[in-house]
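What follows is a set of notes on a single structure, which appears directly below.
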Ligand code: NAD
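Numbering (our numbering), first residue to last: 226 to 717.
Structure (structure tokens):
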């Protein structure tokens, strides 16, 4: 069963669909998606659960989240196996990155729930005491993508419920497994029925209904920029708050004083991570001309040594992409670049032999491409890195910013002034210096420009999921207060 509503698994009442194992091409399971009645049922459950959950003390909610972290930890091996089976990502990624990262996030929000911030209460006007209440806002509708299904479930659910909201999450229809397991673990940890609900279905049917739902006060979305724009439009009908984590096209800027060996390792790890299906993945390397040859040669060498294979094996570095359709889309970008004169220094094809049935694609390095070409400007979302040379520091930073996106970026240099300049001038929600990819629960993740707005993780994300209320209490007991003279002077 692929819906988790009001504390229990239910069968969806929408269309039937088959989920394919991307690493083999075989049908893995048959799903029954949610229809709009299922979404209504989940929203109603979340609405009922809101008042009691929001009135629990932060300490009580924190305790529930700590129990959830322990429950997820007990189930970590099963979660990792399902995450790998549904996405095709390597078991090392699931075991060492996705699952423990989310468990750490759960513990973090258990602590953060007790630390909501606001201005100190005080007398900002004579005779009036002001205080701030930071309040949960209600039922949150969240929609998540397929690339990091479990992490995205955590990033959406945890700050929302830590702050006292309840939630209906619609994971990607391709990867509902670990989101459902998340809700099941929460129920086992004693989180009350209706606080976390999962509806599995397509964006068009379940997703749109959730966004338009009048009882949902906020839509929190992670996915592509195109769908994010549509969600903003739909949310306007009910004037919902929206939080959008959208696409990325991260630059990777290598200045001429950088350590080439470190930059090359960083570029390979940063571009092939999760099959390159990572919104912060390094996708556009800009390398100052004196280092260009050495950097691209070394990246190509390292890419050639990456083990592509069965995602379930510990020896595999790179598993399959999410689907055959997506693999063909990635291959299409590379083929069109090749046809326009690009040189492919590594990869550039799907592996043959026993991997041919799966949605695999080799780590790929593409050079001799124009800055305005589609492979440099659009999200490929595969293990594909382009590299372009630049001359002056100004050029490197200009090229880095020359994109509609602004999610993440890195600069590689040992010069303090250059690293400070890059961290100031690159327009992105995260700038790494001499590294690319690491995230941590205490620090925010979120975009600039067409990569969206609002923050996931960190105490900042709690601001997305709370309303700030000003309460002002007058100590002036006179019937006609002095300030009222400005409006009307009492005659007697
Ligand atoms: P997508 O936009 O196609 O789908 C994301 C989710 O939206 C899915 O659950 C889908 O069912 C739903 N959806 C689709 N159409 C909808 C509609 N009309 N109304 C409501 N919901 C709808 O994205 P994807 O292909 O699943 O994921 C890849 C994208 O996600 C990439 O663009 C990637 O950069 C982005 N992403 C961003 C972040 C971030 O933090 N900024 C993180 C991960 C992924």
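The beta carbon of each residue, even a glycine, is placed where N, CA and C say it ideally should be.
- In the DSSP assignment, residue 445 falls within the unbroken beta strand (DSSP E) covering 443-447.
- Put simply, the stretch 439-457 does not touch the stretch 398-415. Fewer than three CB pairs are less than 8 Å apart.
- Excluding residues up to 5 positions away in sequence, 307 and 311 lie with their Cβ nearer than 6 Å to the Cβ of residue 402 in the same chain.
- Take residue 356, set aside five residues on each side of it, and the residues of its chain with a beta-carbon closer than 6 Å to its own are 346 and 696, in chain order.
- Exclusion of the five residues before and after residue 240 leaves 258 as the residues of its chain whose Cβ lies within less than 7 Å of its Cβ.
- Residue range 347-350 is occupied by the beta strand (DSSP E) that includes residue 348.
- Relative to the Cα of residue 687, the nearest Cα in the group 700, 670, 482 and 649 belongs to 670.
- Beta-bridge annotation (DSSP): residue 504 is not paired with any residue.
- By the Cβ neighbour-count rule, residue 665 is exposed, with fewer than 16 other Cβ atoms within 10 Å of its own.
- Annotation: residue 597 to residue 675 spans about 17 Å, alpha carbon to alpha carbon.
- When only Cα atoms are considered, residue 524 and residue 321 end up about 24 Å apart.
- DSSP places residue 698 in no alpha helix (DSSP H) but in the uninterrupted beta strand (DSSP E) bounded by 691-699.
- For residue 547, the secondary structure class from DSSP, reduced to helix, strand or coil, is coil.
- Residue pairing by DSSP places residue 380 opposite no residue, since no beta bridge is assigned to it.
- Going by DSSP, residue 708 is part of no beta strand (DSSP E) at all; its letter is neither H nor E.
- In this structure, residue 587 lies near residue 576, with their beta-carbon atoms less than 8 Å apart.
- Relative to the Cα of residue 420, the nearest Cα in the group 427, 407, 507 and 660 belongs to 407.
- Distances from the CB of residue 681 to the heavy atoms of the ligand NAD include at least one below 7 Å.
- Residue state for residue 366 is assigned as strand, using DSSP reduced to three classes.
- Between residue 682 and residue 380, the C-beta spacing is below 8 Å.
- The Cβ-Cβ distance between residue 634 and residue 476 falls below 8 Å.
- Your pair residue 594 and residue 613 checks out as a contact, with CB atoms roughly 7 Å apart and the cut at 8 Å.
- Comparing alpha carbon positions, the residue from 389, 294 and 336 closest to residue 327 is 294.
- Under the 10 Å beta carbon count, residue 243 is surrounded by fewer than 16 other beta carbons and is classified as exposed.
- Between the beta-carbon of residue 632 and that of residue 607 there is about 17 Å, and that puts the pair past the 8 Å contact cut.
- Counting along the chain, residue 253 sits inside the beta strand (DSSP E) bounded by residues 252-257.
- Residue 610 and residue 274 have their C-alpha atoms some 46 Å from each other.
- Contact between residue 431 and residue 395 is confirmed by a C-beta separation of about 5 Å, below the 8 Å threshold.
- For residue 427, the CB falls within less than 7 Å of some heavy atom of the ligand NAD.
- For residue 499, the CB stays at least 7 Å from every heavy atom of the ligand NAD.
- For residue 283 and residue 388, the gap between their C-alpha atoms comes out near 8 Å.
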